[in-house]
Amino acid sequence: MLNGLFQAARLSAPDRVAELLAHHGEALGAQNVTIYLIDHEQVTLVPLPREGLVTPEPLPVASTLAGRCFQDLRLLEADQGRRVWIPLLDGLERVGVAHLEFGSLEDRAEDEYLHQFGALVAEIIMVKQDYGDLFHITRRRQPMSLAAEIAWTLLPPLTFGTDRLVISSVVAPPYSVGGDSFDYSVDGDRASFALFDGMGHGLNAGLLATVAVGAYRNSRREGRDVAATIKAIDEAIATTFGPERFVTAVFAELDLISGRLCWQSAGHPAPLLLRDRRVVKTLDAEPRLPLGLGGDVEPTWEQLEPGDRLLLYTDGVVEARSATGEFFGVQRLVDFVQRQEADQRPAPETMRRLMHAILEHQDGEMQDDATAMLVEWRGHTVEAVGLTNVPG
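Residues in the sequence shown are numbered from 33 upward in steps of one, following this note's numbering.
In structure tokens:
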């Protein structure tokens with residue numbers, strides 16, 4: 033069945049995927065299969081429509097069994113096992129959940145095959161989403177600005193995980209983000225990652241970020257180190273936009289064998305280092321001018337320990353203001369992350385909750401983009417990156 037599903041999906045358009053999955057779910061004993069995708073704010077699980085059938089209501093993440101499945105990354109049951117929720121994971125990228133209904137327990141396939149079905153569904157969705165608009169439209173709960181449309185096209189998946197590393201990020205507000213962006217690459221024994229914040233707001237800031245990310249990828253793929261990469265981006269920004277425009281950024285390269293971290297900030301907030309479930313230091317370095325304004329580059333080095341987490345963020349996180357003018361602030365950020373660490377949240381769930389905390393602090397009305405990235409270095413310990421509930 034799994035092989036047949038993969039072969040059938042190769043020539044399926046996105047709007048035929050839901051029906052295809054339901055048909056192949058019958059081989060697992062399921063009478064009905066519904067696919068739910070997570071919305072951009074990661075608040076609601078939205079059902080993928082099927083032609084000729086009534087589409088179920090969306091389900092909130094906060095108060096449903098489907099939401100618990102999404103948060104905890106584990107298979108959950110209802111009605112004495114006749115209804116099953118399966119997390120849809122592409123690696124560690126949380127795509128949504130699948131709901132399977134069985135006539136009886138005798139009809140139900142073993143959990144191992146249900147997990148394999150969920151993994152294949154997630155992979156099909158990730159591949160097919162770039163060939164049509166249905167999946168993108170399903171995930172949207174409100175109109176998206178032009179700047180945000182460009183920003184989301186530029187972004188890699190929010191979460192990526194291996195046996196040594198997890199990178200998980202969030203951007204807010206998801207429907208109007210402009211100048212904030214991030215990027216990463218994991219090749220061999222090296223991980224490279226960066227955060228960007230283009231000057232200003234809206235489309236103009238988004239264009240700055242687009243050039244910065246493009247120059248970052250080009251320089252990285254040319255094999256340049258952190259210092260040379262920063263100089264290349266600096267020149268691209270200055271040449272394209274002139275001396276009145278700039279981008280702040282933070283760059284890092286991590287040796288996945290030794291935990292040796294090389295990093296540099298360009299007018300950006302300093303990253304926070306978490307160890308043993310608490311923030312132990314701020315990674316300060318000699319200040320450098322933002323990208324586009326020139327200046328020397330002197331990368332800084334830090335030795336990480338197994339289990340360390342590194343939190344990178346844009347100024348929109350700590351400068352988020354409440355209705356009374358109170359900043360979210362660095363201390364509130366530290367307290368929040370330490371609480372999540374104490375609860376041993378997986379990195380993507382910590383970041384989801386951080387985005388909601390920032391939005392709630394501003395009553396959903398943000399004055400600036402806010403982007404954060406959590407990088408967890410765990411060596412070869414698979415259990416430590418949140419994969420213990422996923423067979424294989």
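Where is the CB? At the ideal position from N, CA and C, for every residue including glycine.
- Judged by DSSP in its simplified three-state form, Met405 adopts strand.
- For Glu144, no beta strand (DSSP E) run applies; the uninterrupted alpha helix (DSSP H) run containing it begins and ends at 143 to 160, by DSSP.
- Trp184 is bridged by DSSP to nothing; it lacks a bridge partner.
- In the DSSP assignment, Gly255 falls outside any beta strand (DSSP E), carrying neither H nor E.
- The residue from Gly57, Phe214, Asp104 with its alpha-carbon nearest to that of Val243 is Phe214.
- Taking Gly234 as reference, the option from Asp212, Arg253, Met405 with the minimal CA-CA separation is Asp212.
- DSSP places Pro380 in the uninterrupted alpha helix (DSSP H) bounded by 379 to 393.
- Given a length threshold of 3 residues, each whole run of the beta strand (DSSP E) inside the region 105 to 144 is given here in chain order: 108 to 110, 115 to 122, 125 to 134.
- Close CB contacts of Arg82 within its chain, under the 6 Å cut and outside five residues either way in sequence, are with Ala50, Glu51 (chain order).
- Relative to the Cα of Ala40, the nearest Cα in the group Pro90, Arg385, Val153 belongs to Val153.
- If you compare the alpha carbons of Gly150, His147, Ala110 with that of Gly135, the shortest gap goes to Ala110.
- Straight across, the Cα-Cα distance linking Leu304 with Leu342 is about 6 Å.
- For Leu53, there is no enclosing beta strand (DSSP E); the residue is part of the alpha helix (DSSP H) that begins and ends at 49 to 57.
- At the C-beta level, Ala402 and Val349 come within 8 Å of one another.
- Counted as a single uninterrupted DSSP element, the beta strand (DSSP E) harbouring Glu285 occupies residues 279 to 287.
- Spatial neighbours of Ala62 in its own chain (CB-CB distance under 7 Å, excluding positions within 5 residues in sequence) are listed in chain order as Leu132, Glu133, Phe134.
- By the CB criterion at 8 Å, Gln296 and Pro331 fall inside the cutoff.
- The continuous beta strand (DSSP E) containing Phe228 extends over residues 222 to 230.
- In the three-state scheme derived from DSSP, where H, G and I count as helix and E and B as strand, Pro205 is classed as coil.
- Counted as a single uninterrupted DSSP element, the beta strand (DSSP E) harbouring Val218 occupies residues 212 to 219.
- Judged by DSSP in its simplified three-state form, Pro175 adopts coil rather than helix or strand.
- Beta-bridge analysis with DSSP links Tyr248 to no other residue.
- By the criterion of a C-beta distance shorter than 7 Å, Phe283 is surrounded in its chain by Ala226, Val258, Thr261, Ile262, Trp295, Gln296, once the five residues flanking it on both sides are discounted.
- Looking at the DSSP output, Tyr163 bridges to nothing.
- Checking the DSSP bridge columns, you'll see Asn64 partnered with Glu133.
- Taking 8 Å as the cut-off, the Cβ atoms of Leu53 and Leu107 do not count as close.
- For His56 and Ala298, the gap between their C-alpha atoms comes out near 51 Å.
- In this structure Arg384 is not in contact with Val159, their Cβ atoms being roughly 24 Å apart against a cut-off of 8 Å.
- Across the structure, Val279 and Asp328 are spaced so that their CA atoms are roughly 16 Å apart.
- In the DSSP secondary-structure assignment, Ile199 is bridged to Phe192, Val407.
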